[in-house]
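Single-structure report; data block below.
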Amino acid sequence: MKKRLAALVLATATACSLVGCGSTEATGSAATAAAADSTAAAAETATQETTTAATTEAAEAAEPVEITVTTTFAGEDGNAQNYKDAVAAWENETGNTVSDMSATSDETLKTRIVTDFETGSESDVLFFFNGADANDFVSAGKVVSIDDIRKTYPEYADNMNDDLISASPADNVKYAVPVNGYWEAMFVNTEVLDAAGVEMPTADTTWDEFLDDCQKIKDAGYTPIAAALGNIPHYWWEYCIFNQQTPENHLNIPASADDETGTQWCNGLADIKDLYEKGYFPENTLSATDDETFASFTDGKAAFLLDGSWKVGGIVSNCQSDPEDASTLDTAKLDNFDVTYFPGKGNRKTTDLVGGLSMGYYITKKAWDDPAKQAAAVSFVEYMTSDEMVAKFAQHTATALKDSPKVDESQFNSLQVKAMSMMSGVTSLTGAVQDLFNGDCRVSTFDGMPKIVTGKTDIAEAVQEGIDTYNAAQ
Amino acid sequence: MSNIYRKRKYAVIFLIPALLFMTVYLYYPFFVNIVDSFQSIRTLGAGSNNWNDPWYSNYVELIHDEVVWTSLKNTGIMIIATLVGQVGIALLLALMVDNIHKGVQFFRTVYFFPIVISATALGLLFNLVFLYDKGMLNQLLEIFGKTFLTDWKDESHALATLMIPVVWQYVGFYFVIIETGLNNVPDELYESAKIDGATALQRIRYISVPMIHNVMVTCITLGVTGALKVFDLPWTMFPKGMPLDETFLTGTYMYYQTMEAKNVDYGSTLAVLIVVLGVILAQITKRVFKEREDI
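Protein chains in written order, with the working numbering: chain A, 98 to 571; chain B, -15 to 279.
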């Protein structure tokens, strides 16, 4: 009898636990609905306000919520600390919290974000590329356009010059509110150049002169170029192809590997292969991570580093005894770093740069449709794209602001000043063609770069494979 | 005696939830995965565009894909490394610990400890050990007079660099299983053998090893099937089969195709290959290393 009773109790407990799961969910839903109602009312109130501060107030007035945010302000990104500070300030101001899932910008992050959208686990707010990388989730209607947001929040991004906000290539609609622009250029460790007896490259340095410099640096026992071709070949891919073209035709996508643009791409990749064969990349370039080769550059073992404007902050942090405390900057060490144009070849002038406003803040449809989060998400983006914040993030790069606050250059460190000086001599700023050449199209030449440079894969075949993938996706 | 134990319907009632769970989260997805392997799916979660033409094209590609053969070869090496390195070393350690009287608990804890550390954390740790510049190993060799750096992740070293941490991590797991098996061997057998003049090695050869035969079969089966699934540590140390696709295992290649190359249908095909391989190898293991019922 006791055992039967025990069995009955067990069965009842099992049933209760199952029912319990359901009832918890039901209660949760009811609570969420109730919270949603009250937050919806608060959100509605916010729409009647007309200033950014009003939106922030609405976000404050509502029950504090947690929003998930993914950005690329992480790792060596120069704005990683600015972002952390800004998030903390917004949290203090509104009472809301941010569950931050930011990570270094690489192919893995891009894949993660696209996959998150496809599996319904996307962040509420996203700082991401506005090019073809976003096509999948834009086409799926998973982000809200700036125009749609303005119907409810008329002041949303009204401090931006709309003409400078890029539209999505998927549907020509604007979704992402830009913060800071970017440029890609060549950082130089002048200490290594001095040791090798090489002059600092200038706006007139040609490709052949660059090769001569690399040889001298190699002969002096240093690594000429810090690059992890098996990990981040992006910048070399972009510029070596750009070197075969001009700013006018750089954004063309080839129809096949043997047409004019395709041939230019193949020749660009052949230049990378040539550099590899000459031994100008680190010995472990195929197995190293980007962090490792960056360390070899900052440690004075490599001379050149081709990277983006975000690396300025990474280099500066590296010259601080406490990476999070700017007052610990070793200015003498930082003075050993400079930045210049990527040596030109053919019709591309050395001063033609790759850059633009390629990223911005998206609000996802999931957050927009959630009355509890809508106002908070809008408030967050408005806070992060305010004039003051954009000026802080942009520093020496372009912005889309209507009225940029005056930059106090006296606060700039020596590398930032050098970057400003370089930017003043730029003859053109062209977007990156890889932003139009979708993620999986690049697999054969990005992930395949080690096989290309070692001759295990034919360059034309790799380029054609990427083009085929691109064409299949159109 | 209560008839609750005689009526099997109660047992069935309690088995149904687990069966439902397995059906929903294992068998149904596996069936869908097989269907997916015949379709064209570019992105995860986006659904299929259409059937491949021909529908079995992924399986043809599977045969012609050099990286598949590399990953199969590496997985084969991983199985051998598992059997020799993990199970073999675990057996040796367990036999030694079984022959000491003091500190048994200490050694159990020490050998088992790596299991409780996340494989990803271990991967990051070993990344520092094998780092090219300022890595622990290269620094140690420098102390002993080596004048140049070795890239432990290059083509010629990568596979060994990958296998060592994986083997090291799981030795403790098999050690605990085998040690438990040895503890179950009756002391009387050893005492009798000792009285009969058997040496320590003879006691191990003729008593310990035969008595833990079934335990060893279990370990070998777990080792073989486990080697097919190993993923996190290799991916942390050698993402994307770095360098030159030389370190891909079947699991990491499947992940790469699905998540990185966004070739989801081909990733599904690789998943089918892994399951088929797993079943075949488990059967072979079962037949080669038969369990004995007389122990």
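Every residue gets a Cβ at the ideal spot worked out from N, C-alpha and C, and that includes glycine. This structure is a prediction, so every number in the text was calculated from the model and none was measured.
Beta bridge counterpart(s) of residue i as assigned by DSSP
| i | result |
| --- | --- |
| D435(A) | V285(A) |
| Q23(B) | W35(B) |
| I460(A) | V222(A) |
| V270(A) | Paired residue(s): none; V270(A) is not in a bridge. |
| Q417(A) | L426(A) |
| D203(A) | Paired residues: none, contrary to the question. |
| G405(A) | E281(A) |
| M520(A) | DSSP, once it has assigned bridges, lists no residue as partnering M520(A). |
| V240(A) | T461(A) |
Cβ-Cβ distance between residue i and residue j below 7 Å
| i | j | result |
| --- | --- | --- |
| K203(B) | V71(B) | In the sequence as displayed, the identity of residue 203(B) is Cys instead of Lys. Yes. |
| A183(A) | M486(A) | yes |
| K462(A) | K239(A) | yes |
| V274(A) | S220(A) | no |
| F378(A) | I412(A) | no |
| L403(A) | C416(A) | no |
| K271(A) | I243(A) | yes |
| G65(A) | E288(A) | Since the first residue of chain A shown is 98 and the last is 571, residue 65(A) is not available in this structure. |
| F157(B) | I99(B) | yes |
| F215(B) | G225(B) | no |
| E215(A) | L4(B) | no |
| G228(A) | L533(A) | yes |
| N17(B) | D249(B) | no |
| I556(A) | V241(A) | no |
| T59(B) | T234(B) | yes |
| G522(A) | A282(A) | no |
| E275(B) | N198(B) | yes |
Whole-angstrom distance between residue j and residue i, CA atom to CA atom
| i | j | result |
| --- | --- | --- |
| L109(B) | N269(A) | 46 Å |
| L212(B) | F91(B) | 29 Å |
| L124(B) | F401(A) | 29 Å |
| Y438(A) | V276(A) | 23 Å |
| D213(A) | Q267(B) | 38 Å |
| T310(A) | V295(A) | For the sequence presented, residue 310(A) should be read as Asp rather than Thr. D310(A) and V295(A): Cα-Cα distance of roughly 6 Å. |
| T527(A) | W334(A) | 15 Å |
| V44(B) | T269(B) | 28 Å |
| L77(B) | F159(B) | 7 Å |
| A65(B) | A488(A) | 56 Å |
| Y190(B) | G545(A) | 55 Å |
| L326(A) | M481(A) | 34 Å |
| S573(A) | I210(A) | Here chain A has residues from 98 to 571 only, and residue 573(A) is not among them. |
| L348(A) | D419(A) | 41 Å |
| V451(A) | G278(A) | 11 Å |
| S455(A) | T209(B) | 46 Å |
Selected residue, minimal CA-CA separation from residue i, among the options
| i | options | result |
| --- | --- | --- |
| W219(B) | R271(B), A142(B), V272(B), D249(B) | A142(B) |
| T496(A) | L206(A), I164(A), S263(A), D174(A) | S263(A) |
| M200(B) | K(-7)(B), V272(B), F97(B), V19(B) | V272(B) |
| L257(B) | F5(B), W53(B), Y(-6)(B) | W53(B) |
| T236(B) | N111(B), L217(B), D249(B) | L217(B) |
| V195(A) | P420(A), Y253(A), G405(A), K181(A) | K181(A) |
| G69(B) | L46(B), A245(B), G251(B), V155(B) | V155(B) |
| V169(B) | I188(B), I179(B), G181(B) | I188(B) |
| A423(A) | N510(A), V235(A), R209(A), N568(A) | N510(A) |
| S518(A) | G278(A), K248(A), T448(A) | T448(A) |
| A255(B) | I264(B), P1(B), K246(B), Y239(B) | Y239(B) |
| E357(A) | V560(A), A569(A), N568(A) | V560(A) |
| E163(B) | S24(B), N83(B), H48(B) | N83(B) |
| L10(B) | V259(B), L265(B), S192(B) | V259(B) |
Three-state class that DSSP yields for residue i in the structure shown
| i | result |
| --- | --- |
| T527(A) | strand |
| F96(B) | helix |
| V195(A) | strand |
| D537(A) | helix |
| Q492(A) | coil |
| G614(A) | Here chain A has residues from 98 to 571 only, and residue 614(A) is not among them. |
| Y158(B) | helix |
| W152(B) | helix |
| P223(B) | helix |
| V478(A) | helix |
| E163(A) | strand |
| G452(A) | strand |
| A399(A) | strand |
| G441(A) | strand |
Residue i CB to nearest heavy atom of the ligand NAD below 6 Å
| i | result |
| --- | --- |
| Q312(A) | Looking at this structure, you won't find the ligand NAD or any other ligand, since it has none at all. |
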